[in-house]
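Engineer:
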Amino acid sequence: MTDRNTLCERFLSATSYGGWQRGPLAGDASNRRYERLTADNGKTVVLMDAPPEKGEDVRPFIRIAEYLRAQGLSAPEILAQDVENGFLLLEDLGDDLFARVVLQKPALEMELYKAATDALVSLHHATTPDLEPYGPRMMAEMAGLALLKYRDGILGGHDPDLQSRFEDQFEDILRETVKGDPVLVQRDYHAENLLWLPDRNGVARVGLLDFQDARAGHCAYDLVSLLQDARRDVPAAIEMQMIDRYISATGVDESGFRTAYTVLGVQRNLRILGVFARLSLEYGKPHYVDLIPRVWDHFIRGLEHPALAPVADLLREGLPPPTPDNLDRLRP
Numbered sequence: 033m034t035d036r037n038t039l040c041e042r043f044l045s046a047t048s049y050g051g052w053q054r055g056p057l058a059g060d061a062s063n064r065r066y067e068r069l070t071a072d073n074g075k076t077v078v079l080m081d082a083p084p085e086k087g088e089d090v091r092p093f094i095r096i097a098e099y100l101r102a103q104g105l106s107a108p109e110i111l112a113q114d115v116e117n118g119f120l121l122l123e124d125l126g127d128d129l130f131a132r133v134v135l136q137k138p139a140l141e142m143e144l145y146k147a148a149t150d151a152l153v154s155l156h157h158a159t160t161p162d163l164e165p166y167g168p169r170m171m172a173e174m175a176g177l178a179l180l181k182y183r184d185g186i187l188g189g190h191d192p193d194l195q196s197r198f199e200d201q202f203e204d205i206l207r208e209t210v211k212g213d214p215v216l217v218q219r220d221y222h223a224e225n226l227l228w229l230p231d232r233n234g235v236a237r238v239g240l241l242d243f244q245d246a247r248a249g250h251c252a253y254d255l256v257s258l259l260q261d262a263r264r265d266v267p268a269a270i271e272m273q274m275i276d277r278y279i280s281a282t283g284v285d286e287s288g289f290r291t292a293y294t295v296l297g298v299q300r301n302l303r304i305l306g307v308f309a310r311l312s313l314e315y316g317k318p319h320y321v322d323l324i325p326r327v328w329d330h331f332i333r334g335l336e337h338p339a340l341a342p343v344a345d346l347l348r349e350g351l352p353p354p355t356p357d358n359l360d361r362l363r364p
C-alpha cells in the first residue's frame, strides 16, 4: 500500500503548489491532519489530509463549503482536490481564531459574538440543502454517550437499562420542544472553529471551519455551540444578549426558541461529556478531561428548566460529578 506522504506528494505535484514549503498546522479531534504550504512570496494555502482508511471523507466538506460560500459566508475556497485519496488544498483564512483574538484584544469580544450570531441569522434565512436530519432519536442517542462513556469511564461498569430509559425519555422531550423548519446545523460552531476576518464585510468577517458533519436541525443548535462553549467561558451577559439578538433578527417564537435552546444545550453538553471521556480513554487525548468541568456546569444549569423535569433526577443521580478523583479515572 502506498503511504500517505507519497500520495500527498503525488497530489501536490499535479498542482501549482508542489514546490511550496510545507509546515504543520494544529489539528482537531478527528483523524484529519493539516499543513500550511508557503510560497517564496509568502502566499499560503492549507492542505487537508483526510485518510479514507481511517473513516474520513472529504466530499461532505466540499459540498458544505461550496454551499456556505454560495450564501456569502467565508468558508475556505477549495483550490484543488483528490477525493479518492482524501486530500484538499484550501484557501488559508489565517490564524486569528476568535478564541485567540479575544485573548489579545478583549475589547473585541462583543463585536465578534455579534458577527458570529449575525452569520447564523444570515445562514438560517437561506434555503436548507438536502442533509441528513439531526432529529430527536439521533440526538437522544448522542446524549446517551454521557452514560456510555463518561459515567462508565468513572464508575467502571455499564448500565444499559439506565441508558435506554434515558434515551427514550429524552427523545420524547426533544420531540415536544425542538420543533420548526430545519436549517443547516454546523454542529461545532464555536470560538476555536471561527476565524476573524476584519478586512471583509458583514457576515463574511466570520471565517468558518469544521462544518463537514453538518445536518439539518434546529436553528438554536449552533447558537448553543457558540455561547455554551466547551473551551472558553462566554460571559453570561453576552449569552443573553446574543439570544435576544437572534430572536429579534429572525422573528422566531421567543418562548419556544428559548426552551429549545435550553434543551439542546443539555443535549449537546451531554454528548460532549461522552465524547471527551472517549477521546481520553480510547484515543489517548487526556487534555479533553480538563474541559469537562465547564461542560458539566453548562449541563447542570440547563437541567433546571421545567422541560427537562422528566430526566433531571435520573441524570443528577446517574451521572457522577467531575470531582478531581472522578476526572483522574477518565485519564488513561
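In the working numbering, the protein residues as written are 33 to 364.
The C-beta atom is built at its ideal place from N, Cα and C for all residues, glycine as well.
As the structure is a prediction and not an experimental result, all values here were calculated from the model.
#1: On a Cα-Cα basis, can you pick out the residue from VAL77, ARG36, PRO56, ALA292 that is closest to TYR49?
#2: Going by Cα to Cα distance, which pick from LEU323, LEU125, LYS146 is closest to LEU359?
#3: Using only CA atoms, which one of LEU241, MET272, LEU179, PRO325 lies nearest to ALA97?
#4: Which two residues bound the contiguous alpha helix (DSSP H) that contains TRP328?
#5: Would DSSP call ARG363 helix, strand or coil?
#6: To the nearest angstrom, how far is the alpha carbon of LEU125 from that of LYS75?
#7: Can you name the residues that DSSP bridges to TYR66?
#8: Give me the Cα-Cα distance between MET274 and LEU44, rounded to the nearest whole angstrom.
#9: Could you check whether ASP254 and VAL217 sit closer than 7 Å to each other, using their CB atoms as the reference points?
#10: Can the beta-carbon of PHE198 be found closer than 7 Å to that of ALA252?
#11: Applying the 10 Å Cβ sphere with the 16-neighbour rule, what's the burial state of GLY234?
#12: Under 8 Å Cβ to Cβ from TYR66, same chain only, skipping five residues before and after it: list those, please.
#13: Look at the alpha carbon of ASP193 and the alpha carbon of ARG247, and state the distance between them as a whole number of angstroms.
#14: Check the C-beta distance from LEU410 over to ARG303 and give it rounded, since I have them as a contact under 8 Å.
#15: I need the straight-line Cα distance from ARG363 to GLY306, nearest angstrom please.
#16: The beta strand (DSSP E) that contains ALA112, what's its start and end?
#17: As a quick exercise: from ASN73, GLY118, TRP52, pick the residue whose alpha carbon is nearest that of ASP365.
#18: Output needed for PRO318: all residues of its chain with C-beta closer than 7 Å, excluding positions within five of it in sequence on either side, in chain order.
#19: On a Cα-Cα basis, can you pick out the residue from ARG219, GLY283, GLN53 that is closest to VAL153?
#20: Given GLN299, which residues of its chain have a CB within under 6 Å of its CB, disregarding the five upstream and five downstream residues?
#21: When you compare the stretch 223-230 with the stretch 127-143, are there three or more beta-carbon pairs, one atom per stretch, that lie closer than 8 Å?
#22: Taking the straight line between their C-alpha atoms, what separation do you get for ASP89 and LEU258?
Structural biologist: Based on what the coordinates show:
#1: VAL77
#2: LEU323
#3: LEU241
#4: 324-334
#5: coil
#6: 12 Å
#7: LEU57, MET80
#8: 43 Å
#9: yes
#10: no
#11: exposed
#12: PRO56, LEU57, ALA58, GLY59, VAL78, LEU79, MET80, ASP81
#13: 29 Å
#14: Residue 410 is absent from the structure shown; the chain starts at 33 and stops at 364.
#15: 13 Å
#16: 110-114
#17: Residue 365 is absent from the model: the chain starts at 33 and stops at 364.
#18: SER312, ARG363, PRO364
#19: GLY283
#20: MET171, ALA175
#21: yes
#22: 25 Å
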